[in-house]
Structure formats: structure tokens, C-alpha cells
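Written out below as C-alpha cells is the structure these notes cover.
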Amino acid sequence: MAGHSPRIWLLDIRGEIAGIRDLTKEATFEMLAGSWAMMRAVQHALLIIAEAAKHIPPDLKALEPSVPWRQIHGLGNMLRHDYRRIDPVVPWSVVTEHLAPLDTAAAALLDRVPDE
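Printed below as a string of C-alpha cells:
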């Protein structure tokens, strides 16, 4: 995994965001909180996003300082180690407030890294 280029990790982030958006496009908080399958799918996608973000080099992350990279890493740790205590409000707020800016930032970073 460590051998992947930043481009691969950024594409993974954008792909997971697209999947979450597709899954939740007509969802309400109640739908997400009440659906075990939807919640698990969103949580797993967020975990993949957090893992991919860990592999993006610091100098590249520095080009998008508005992205809360540390919080993304922290969310990944919470999903991995403290999953029983995750309030459904957390993934919902990520879906409704934070995915769009992260997607925009990932797209901007993709423009800065060379094609494979």
C-alpha cells in the first residue's frame, strides 16, 4: 500500500465520496441512523477515506490547508477503535457538511500530481 502514488489515494478518496453521495442522496438523518446497512456502508467508506488521507504526503496536504486532515485521521481512528460509541450525528455531519469541501480539495490536489 505504501507504494501507491498520491494520485491513487486521492482517487480513492473521490471514489468513496461519490459512493457515499450516491447512497445518501435522498437520505435523511433518520434514514441513516435507522438503517444498519446504510450506516455501515457510510462508516466503511469514511474509514477508507481516512486511510487514504493518511498516505497523502504532508507537502501535498499543505496545499489544501482548509482540509481538516488531522480530524480525518481522528475519525478513522474512532471508526477503527471506538466504533461502538459513534453517535450517528458524526457520520451524518460528515456526509452533509464535510464531503463536498473534501471532494473539491481532492480534485484540486489531483490537478497538481502527475498522471501515472
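Residue numbers (the numbering used here): 200 to 315.
Here a beta-carbon is modelled for each residue, glycine too, at the ideal position from N, C-alpha and C.
Just so it is clear, the structure is predicted and the values come from calculations on it, not from any experiment.
Are residue i and residue j close, meaning C-beta to C-beta below 8 Å?
| i | j | result |
| --- | --- | --- |
| E250 | G275 | yes |
| G218 | A252 | no |
| V294 | T223 | yes |
Taking the C-alpha atoms as reference points, what is the distance between residue i and residue j?
| i | j | result |
| --- | --- | --- |
| H236 | Q242 | Note that residue 236 corresponds to Ala in the displayed sequence, not to His. Looking at the two C-alpha atoms, the distance is approximately 10 Å. |
| S204 | D314 | 10 Å |
| A299 | D281 | 25 Å |
| M230 | P287 | 11 Å |
| W291 | T227 | 9 Å |
| V266 | D302 | 10 Å |
| R269 | P257 | 11 Å |
What residue range is occupied by the uninterrupted alpha helix (DSSP H) comprising residue i?
| i | result |
| --- | --- |
| R220 | 205-223 |
| R311 | Note, R311: premise wrong, no alpha helix (DSSP H); not H, not E. |
| D258 | 257-260 |
| R283 | Unbroken run through R283: none, as it is neither H nor E. |
| A249 | 235-253 |
| P290 | 288-292 |
Please list, in chain order, all residues of the same chain as residue i whose beta carbon is under 7 Å from its beta carbon, the five residues on each side excluded.
| i | result |
| --- | --- |
| M277 | I285 |
| E263 | A304, A307, L308 |
| A240 | L222 |
Thinking just about the alpha-carbon of each residue, which of the options is nearest to the one in residue i?
| i | options | result |
| --- | --- | --- |
| D211 | P267, I255, R283, T295 | I255 |
| R311 | E296, K260, V294 | K260 |
| G273 | I247, R239, R220 | I247 |
| R283 | E296, M238, R206, I271 | M238 |
| E296 | R279, R220, A240 | R220 |
Skipping 5 residues on each side, what residues in its chain have a beta carbon closer than 6 Å to that of residue i?
| i | result |
| --- | --- |
| I216 | L298, D302 |
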